[in-house]
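Residue numbers (our numbering): -4 to 189.
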């Protein structure tokens, strides 16, 4: 069974269409209108081996907040739809992601319960045209819509670009591992993931 989805969401702030293929070779096509965020989405798709196609028009004349948050909402909804009943998935995963001087931990549980623990003591600054605080907003929106429990923790790091990029890569690789189908049962003693 193909694990694919297409989600459309239009509000007064954004107009987004996103297509997802969980079992792709990995690639990102399209743009959010925010260069650095597109770079992070591309890294997420490549290292998670997810096929993501995005068309997004957002109110960037205000700032990037609505665009980043809403892409997280739509991507989370796309994963939820594509994953289906999640029969046979690994469910749990964790990874330490190194990137030069940076080391990030990602641990997740595709539990049906949306929770984010984002442990990054970073100042409110930008890298390129991206407010780094929006990284947390993206993941918060994503885990609410999938929903899953996601812990992201900065172990070491100095370069803001490396820290945020390692975070997206770590989350993607952990998600790929957790979504790997290795059996045929629902991975829960309850019989459902809620």
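Glycine included, each C-beta is placed from N, C-alpha and C at the ideal position.
As the structure is a computational prediction, the values presented were derived from the model and not from experiment.
{"Asked": "Does the region 52 to 67 come within contact of the region 82 to 100, defined as at least 3 CB pairs closer than 8 Å?", "Found": "no"}
{"Asked": "Roughly how many angstroms lie between the CA atoms of residue 8 and residue 25, to the nearest whole one?", "Found": "19 Å"}
{"Asked": "Between residue 176 and the rest of its own chain, which residues show a CB-CB distance below 7 Å, the 5 nearest in sequence each way excluded?", "Found": "83 and 84"}
{"Asked": "Name the DSSP beta bridge partners of residue 13, please?", "Found": "2 and 49"}
{"Asked": "From the DSSP secondary-structure annotation, give me the bridge partner or partners of residue 94.", "Found": "97"}
{"Asked": "In terms of DSSP beta bridges, what is residue 138 paired with?", "Found": "In the DSSP output, where bridge partners are listed per residue, residue 138 has none listed."}
{"Asked": "Say whether the region 102 to 110 touches the region 23 to 42, bearing in mind that this needs 3 or more beta-carbon pairs closer than 8 Å, one atom from each stretch.", "Found": "no"}
{"Asked": "Check for me: the beta strand (DSSP E) holding residue 148 runs from which residue to which?", "Found": "144 to 151"}
{"Asked": "Among 2, 1, 72 and 48, which one has its Cα closest to the Cα of residue 141?", "Found": "72"}
{"Asked": "Please classify residue 215 as buried or exposed, where buried requires at least 16 other C-beta atoms within 10 Å of its C-beta.", "Found": "The structure shown does not extend to residue 215, since the chain spans only -4 to 189, so no value can be given for it."}
{"Asked": "Identify the continuous alpha helix (DSSP H) that holds residue 171 and give its terminal residues.", "Found": "155 to 174"}
{"Asked": "With a 10 Å radius around its C-beta and 16 neighbouring C-beta atoms as the bar for buried, classify residue 178 as buried or exposed.", "Found": "exposed"}
{"Asked": "Check for me: the alpha helix (DSSP H) holding residue 110 runs from which residue to which?", "Found": "Note, residue 110: premise wrong, no alpha helix (DSSP H); beta strand (DSSP E) at 110 to 114."}
{"Asked": "So, helix, strand or coil for residue 179, using DSSP?", "Found": "coil"}
{"Asked": "Which class does residue 37 belong to by DSSP, given the choice of helix, strand or coil?", "Found": "helix"}
{"Asked": "Which word fits residue 163, buried or exposed, when buried means at least 16 other C-beta atoms lie within 10 angstroms of its C-beta?", "Found": "buried"}
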